[in-house]
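Novice: First the structure, which I've put down as structure tokens, then a few questions once you've had a look.
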Amino acid sequence: MASYFVTSFTAADHRGYAARFQDDLAVEVGRLLGGRKIVARACDDTLTAEERRALVAEAGVLVVLCSPAYYQDEECGRDWAVFQRRLGHVPEQGRPHDNPARVLVRWRPVRIPPPGRPWAPRLDGDRLDAYDDYNESGLYTVVRKQGRQSTAYRRALRALAAQVREGHRAAVPVLSPGDGLLPEPASASATVPGQRTAEPPEPPPEPVRPPRVFLSYAHADDQPGHDDDVRSLAALLRQQDIDVRTDAEASEEPQIWLRWMDGELEPADFIIGVASPAYRRRLRQEEEPGVGLGATWEASYILDYVYQHPATWQKRILWVLFPSYGPEALPGFPGSASATHWHIAPETGAPDLDALVRYLRRGPRPPS
Numbered sequence: 002m003a004s005y006f007v008t009s010f011t012a013a014d015h016r017g018y019a020a021r022f023q024d025d026l027a028v029e030v031g032r033l034l035g036g037r038k039i040v041a042r043a044c045d046d047t048l049t050a051e052e053r054r055a056l057v058a059e060a061g062v063l064v065v066l067c068s069p070a071y072y073q074d075e076e077c078g079r080d081w082a083v084f085q086r087r088l089g090h091v092p093e094q095g096r097p098h099d100n101p102a103r104v105l106v107r108w109r110p111v112r113i114p115p116p117g118r119p120w121a122p123r124l125d126g127d128r129l130d131a132y133d134d135y136n137e138s139g140l141y142t143v144v145r146k147q148g149r150q151s152t153a154y155r156r157a158l159r160a161l162a163a164q165v166r167e168g169h170r171a172a173v174p175v176l177s178p179g180d181g182l183l184p185e186p187a188s189a190s191a192t193v194p195g196q197r198t199a200e201p202p203e204p205p206p207e208p209v210r211p212p213r214v215f216l217s218y219a220h221a222d223d224q225p226g227h228d229d230d231v232r233s234l235a236a237l238l239r240q241q242d243i244d245v246r247t248d249a250e251a252s253e254e255p256q257i258w259l260r261w262m263d264g265e266l267e268p269a270d271f272i273i274g275v276a277s278p279a280y281r282r283r284l285r286q287e288e289e290p291g292v293g294l295g296a297t298w299e300a301s302y303i304l305d306y307v308y309q310h311p312a313t314w315q316k317r318i319l320w321v322l323f324p325s326y327g328p329e330a331l332p333g334f335p336g337s338a339s340a341t342h343w344h345i346a347p348e349t350g351a352p353d354l355d356a357l358v359r360y361l362r363r364g365p366r367p368p369s
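Every position in the sequence shown, counted from 1, becomes a number in the numbering used here once 1 is added.
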């Protein structure tokens with residue numbers, strides 16, 4: 002049975018997330034078609050070149066997860082070439098400039114694609130900011146940081162599913178080996194019958210990047226030892242191979258602090274707010290004028306993030322409470338009262354350091 006659509010992507014772009022996206026897309030397309038079960042298959046490095054060409058040659062729609070790695074992958078380039086040959090068999094009078102049977106997904110940001118490859122187009126909606134996260138960061142970042150149930154992910158998924166449905170209606174001609182349109186690899190003619198060529202060695206796996214964590218906390222004269230406790234927490238996390246960023250290291254050389262904070266907060270996988278009375282005051286804008294401007298600015302970033310991601314902020318914004326303070330030191334804003342927080346002694350990490358580290362390493366689980 003021919004696939005309703007196939008998804009072409011490279012293993013460098015995280016096969017697990019790509020596979021879950023393909024499943025979600027198939028479900029959403031089926032919903033648009035009144036509950037129909039959609040057959041979707043992946044074109045990735047688990048298939049031989051011949052298997053990939055055969056899938057692309059007959060699928061109704063080619064879905065491409067565009068990224069810098071995709072544009073550099075030779076097998077992905079062959080997927081593209083096979084589908085291009087199919088588009089070339091569409092009668093010229095009925096051939097649109099940009100055939101809808103090819104759906105380009107912004108998976109990761111791409112500065113300039115190679116010649117002959119278009120950019121994945123922006124998604125546009127009734128609201129100007131409806132697809133900002135998808136358009137600027139790519140769907141991989143959206144699903145990794147916000148989850149599969151987030152508004153940004155579901156909105157983009159619906160728009161892409163509509164494109165797939167429309168693309169299938171284009172009815173691009175199917176190719177077959179008998180047409181001479183699925184040539185063997187160039188090296189095949191040089192192979193001696195019965196003789197196996199040596200398999201090329203597999204490339205080494207990409208190193209796993211440790212989670213990047215920004216520690217946001219408040220300096221204050223009325224909480225002696227708090228800065229030292231934060232440094233101890235940072236050391237405990239680094240011992241667990243967590244990439245921790247704090248202003249303690251940055252202060253060893255001159256900084257433009259606003260620029261430094263902006264450059265650390267946005268790329269962070271997680272932001273850990275270290276609760277204290279001073280931090281609570283600054284988050285709630287109750288501090289004396291001109292005092293604690295850095296923590297106030299960081300807390301404002303957190304509040305903006307909470308406002309923009311009301312259903313998922315707690316997956317990225319985490320709170321740690323030292324034994325020296327009680328729950329009254331936790332930040333107070335709508336929706337925060339019941340949010341998870343971790344009790345950690347800065348000297349030992351007890352009792353919650355291990356649980357926090359496990360979460361940082363794993364990240365949010367995509368909803369099933």
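Ideal Cβ positions, reconstructed from N, Cα and C, are used throughout, including at glycine.
Are the beta-carbon atoms of S9 and C67 separated by less than 7 Å?
Specialist: No.
Novice: Have a look at W320 and S4 and give me their C-alpha separation to the nearest angstrom.
Specialist: Answer to the nearest angstrom: the Cα atoms are 46 Å apart.
Novice: With a threshold of 7 Å on Cβ separation, who are the neighbours of A60 within its own chain once the five nearest residues in sequence on each side are excluded?
Specialist: These residues qualify, in order along the chain: A3, S4, F6, V7.
Novice: Look at L308 and S277 and say whether their C-beta atoms are less than 7 Å apart.
Specialist: The sequence shown places Tyr at residue 308, rather than the Leu named in the question. Not in contact: Y308 and S277 (Cβ atoms no closer than 7 Å).
Novice: Tell me the residue span of the beta strand (DSSP E) that contains I272.
Specialist: I272 -> beta strand (DSSP E) spans 271-275.
Novice: By the DSSP assignment, the beta strand (DSSP E) with L322 in it spans what residues?
Specialist: Taken as a continuous stretch (DSSP letters only), the beta strand (DSSP E) holding L322 covers 318-322.
Novice: Can you tell me which of G35, L34, F22, E250 puts its alpha carbon nearest to the alpha carbon of R1?
Specialist: The displayed coordinates of the chain run from 2 to 369. Any statement about residue 1 would go beyond what the structure contains.
Novice: Are D133 and V143 close, meaning C-beta to C-beta below 7 Å?
Specialist: No; because the gap between Cβ atoms is not below 7 Å, this pair is not in contact.
Novice: Between L176, F271, A251, which lies nearest to I243 when the distance is taken from Cα to Cα?
Specialist: For I243, the nearest C-alpha among the options comes from F271.
Novice: Please specify which runs of the alpha helix (DSSP H), each continuous and at least 4 residues long, are wholly inside the region 240-275, giving them in chain order.
Specialist: Listed in chain order, the complete alpha helix (DSSP H) runs (minimum 4 residues) inside the region 240-275 are 248-251, 258-266.
Novice: Could you tell me whether the Cβ atoms of V83 and A50 are closer together than 7 Å?
Specialist: The answer is no: Cβ separation not under 7 Å.
Novice: DSSP on T8, reduced to helix/strand/coil?
Specialist: Strand.
Novice: Which residue from I257, G31, R145 puts its Cα closest to that of G17?
Specialist: Looking at the Cα atoms, R145 is the closest of the given residues.
Novice: Can a CB atom of chain B be found closer than 7 Å to the CB of A163?
Specialist: Included in the structure is just one protein chain, with no chain B present.
Novice: Roughly how many angstroms separate the alpha carbons of A330 and R32, rounded to a whole number?
Specialist: Using only the alpha carbons, I get a separation of about 47 Å.
Novice: Let me check understanding here. Comparing Cα to Cα, which of N136, L63, A12, T152 lies closest to P174?
Specialist: For P174, the nearest C-alpha among the options comes from L63.
Novice: Could you have a look at V173 and say whether DSSP puts it in helix, strand or coil?
Specialist: V173: coil per DSSP, three-state reduction.
Novice: List the endpoints of the continuous alpha helix (DSSP H) containing F334.
Specialist: Run containing F334: none; DSSP gives neither H nor E here.
Novice: To the nearest angstrom, how far is it from the Cα of H98 to the Cα of R166?
Specialist: Only weak support exists for where H98 lies, its pLDDT of 45 falling under 50; the value from the coordinates is given anyway. Whole-angstrom Cα-Cα distance: 18 Å.
Novice: V111 to A12, Cα distance in whole Å?
Specialist: Each residue's alpha carbon lies about 17 Å from the other.
Novice: Between which residues of its own chain and Y71 is the CB-CB distance below 6 Å, once the five residues before and five after are set aside?
Specialist: Excluding sequence neighbours, Y71 sits near T11, C77.
Novice: Beta-carbon separation of R281 and P332 under 7 Å?
Specialist: Yes, these two residues count as a Cβ contact at 7 Å.
Novice: Considering just the uninterrupted stretch of the beta strand (DSSP E) at V83, what are its terminal residues?
Specialist: That residue, V83, is in no beta strand (DSSP E); its alpha helix (DSSP H) goes 75-88.
Novice: On the three-state DSSP scale, how would you describe S217?
Specialist: S217: strand per DSSP, three-state reduction.
Novice: Between the Cα of D125 and those of Q241, E137, P114, R118, spot the shortest distance and give me the residue it belongs to.
Specialist: Cα-wise, what sits closest to D125 is E137.
Novice: Just mark S151 as buried or exposed, buried being the case when its beta carbon has 16 or more other beta carbons within 10 Å.
Specialist: Burial call: buried.
Novice: Would you give the residue range spanned by the beta strand (DSSP E) that A62 belongs to?
Specialist: It is worth fixing the name first, because residue 62 is Val in this sequence and not Ala. Run containing V62: 62-67, per the beta strand (DSSP E) assignment.
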